[in-house]
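> Here it is: the structure, laid out below.
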Amino acid sequence: MTLLLIPGFMADATLWDGMTDDLAPFGPLVATDLSQGEDIERIAAAILADAPERFVAVGFSMGGYVARELARIAPERVEALILIATSARGDTEALIRQRRSSLKAPPRAFKGLSRPAIVSSLHPDLANDETMITRVRDMGLSLGGEVFHRQSAMTRAGDLERLGEIVQPTLIVAADADRLRMREEAEELHRGIAGSTLETVEHSGHMIPLEQPKALARVMTDWLKTLS
1 MTLLLIPGFM ADATLWDGMT DDLAPFGPLV ATDLSQGEDI ERIAAAILAD APERFVAVGF
61 SMGGYVAREL ARIAPERVEA LILIATSARG DTEALIRQRR SSLKAPPRAF KGLSRPAIVS
121 SLHPDLANDE TMITRVRDMG LSLGGEVFHR QSAMTRAGDL ERLGEIVQPT LIVAADADRL
181 RMREEAEELH RGIAGSTLET VEHSGHMIPL EQPKALARVM TDWLKTLS
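Throughout the sequence shown, residue numbering follows full-length UniProt numbering, covering 1 to 228 in sequence.
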């Protein structure tokens, strides 16, 4: 099976570097990005245009919204879903204002995500881990200011009422110390998607693929084995 890896806000393919060796035995790994398109629907369409004929959609954070959209627009091509540290809720007005306030500076002035923003996405024990903070910042810098502006201007609509449309086998993965996505949001996904499985990765903040790559890969591979 092909795993289509879909990152989150201002994350690139290096998000998955700590997991590729563990995931590769299950089949080809195809890393995508969210740089094309002004909304979830257009990003999903752009990814689908270059995607393999059939695949397991693995979506992290904002990528989880894209993965679910792929399952809706091309259900015959999506074999299964893995939704990591994500939600089905729409953006709040406060979050929209916060994101758009960061757009006052032109794209050329973008210097990467701020330290407070990065630290809030990590487990508290990593608040002073310069290596981890640099990894997150470097992903944003690799994408650049134009992508930052495009993704920050995007408004994510909730799809809680549409979760019942998803018929593919689905794994939902939450972190025990995620300060950006509450456990309740993972439980909403679990309740809304019939037959889904919910797992928790311990000692991790929001950035599970970076913080606990081995533990996440183990949860994923154990579940993928049940599909074969």
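By construction, the Cβ of each residue, glycine as well, lies at the ideal position given by its N, Cα and C atoms.
In whole angstroms, give me the CA-to-CA distance for Arg115 and Asp22.
Stepping through the sequence shown from its first residue, residue 115 is reached at position 115. Stepping through the sequence shown from its first residue, residue 22 is reached at position 22. For Arg115 and Asp22, the distance between alpha carbons rounds to 30 Å.
> For Glu185, is the classification buried or exposed, using 16 other Cβ atoms within 10 angstroms of its Cβ as the cut-off for buried?
Working through the sequence shown from its first residue, we reach residue 185 at position 185. Glu185 should be labelled buried.
> Should Pro213 go down as buried or exposed, given a rule of 16 or more other Cβ atoms within 10 Å for buried?
Taking the sequence shown and counting its residues from 1, the one referred to as residue 213 is at position 213. Buried.
> Please report how far the alpha carbon of Ser35 lies from the alpha carbon of Glu202, in whole angstroms.
Residue mapping note: residue 35 aligns to position 35 of the sequence shown, counting from 1. Residue mapping note: residue 202 aligns to position 202 of the sequence shown, counting from 1. Whole-angstrom Cα-Cα distance: 30 Å.
> Tell me whether residue 229 is buried or exposed, calling it buried when 16 or more other Cβ atoms sit within 10 Å of its Cβ.
The chain is shown only over 1 to 228; residue 229 falls outside these bounds and no answer can be derived.
> Of the residues Leu4, Leu141, Phe26, Gly8, which one's Cα is nearest the Cα of Arg156?
By 1-based counting over the sequence shown, the position of residue 156 is 156. The residue with the shortest Cα to Cα distance from Arg156 is Gly8.
> Looking only at its own chain, which residues have a Cβ that is under 6 Å from the Cβ of Arg179, when we skip the five neighbours before and after it?
Stepping through the sequence shown from its first residue, residue 179 is reached at position 179. So the list reads Ser120, once near-sequence residues are dropped.
> Alpha carbon to alpha carbon, what distance is there between Pro28 and Leu3?
One-based indexing of the sequence shown puts residue 3 at position 3. One-based indexing of the sequence shown puts residue 28 at position 28. Cα-Cα distance, rounded: 6 Å.
> What separation, rounded to the nearest whole angstrom, lies between the Cα atoms of Ile172 and Lys111?
Stepping through the sequence shown from its first residue, residue 172 is reached at position 172. Stepping through the sequence shown from its first residue, residue 111 is reached at position 111. Straight-line Cα distance between these residues: approximately 33 Å.
> Taking just the CA atoms, how far does Leu216 sit from Asp33?
As a first step, residue 33 is located in the sequence shown; it is residue number 33 there, counting from the start. As a first step, residue 216 is located in the sequence shown; it is residue number 216 there, counting from the start. The alpha-carbon atoms of Asp33 and Leu216 are separated by roughly 20 Å.
> Among Ser196, Arg181, Ile166, Arg99, whose alpha-carbon lies nearest the alpha-carbon of Arg150?
Looking up residue 150 in the sequence shown gives position 150. It is Arg99 whose Cα lies nearest to the Cα of Arg150.
> Please name the residue, chosen from Ser142, Leu210, Glu69, Ala46, that lies closest to Thr131 on a Cα-to-Cα basis.
Position 131 of the sequence shown holds residue 131. Nearest option by C-alpha distance: Leu210.
> Would you check if the stretch 136-151 and the stretch 160-172 touch, i.e. whether three or more CB-CB distances between them fall below 8 Å?
The stretch 160-172, when compared against the stretch 136-151, does not touch it at the 8 Å Cβ threshold.
> Can you confirm whether the stretch 51-61 touches the stretch 69-79 when touching is taken to mean that 3 or more C-beta pairs between the two stretches lie within less than 8 Å?
As far as the Cβ criterion goes, the stretch 69-79 touches the stretch 51-61, which means the pair count is three or higher.
> Note down, in chain order, each residue of its chain lying with its Cβ closer than 6 Å to the Cβ of Ser142, except the 5 sequence neighbours on either side.
Stepping through the sequence shown from its first residue, residue 142 is reached at position 142. If we look at Ser142 and ignore the five residues flanking it on each side, its Cβ neighbours are Asp12.
> Give me the Cα-Cα distance between Ala49 and Ala74, rounded to the nearest whole angstrom.
Residue numbering aside, residue 49 sits at position 49 when the sequence shown is read from its first letter. Residue numbering aside, residue 74 sits at position 74 when the sequence shown is read from its first letter. Rounded to whole angstroms, Ala49 to Ala74 spans 11 Å at the Cα level.
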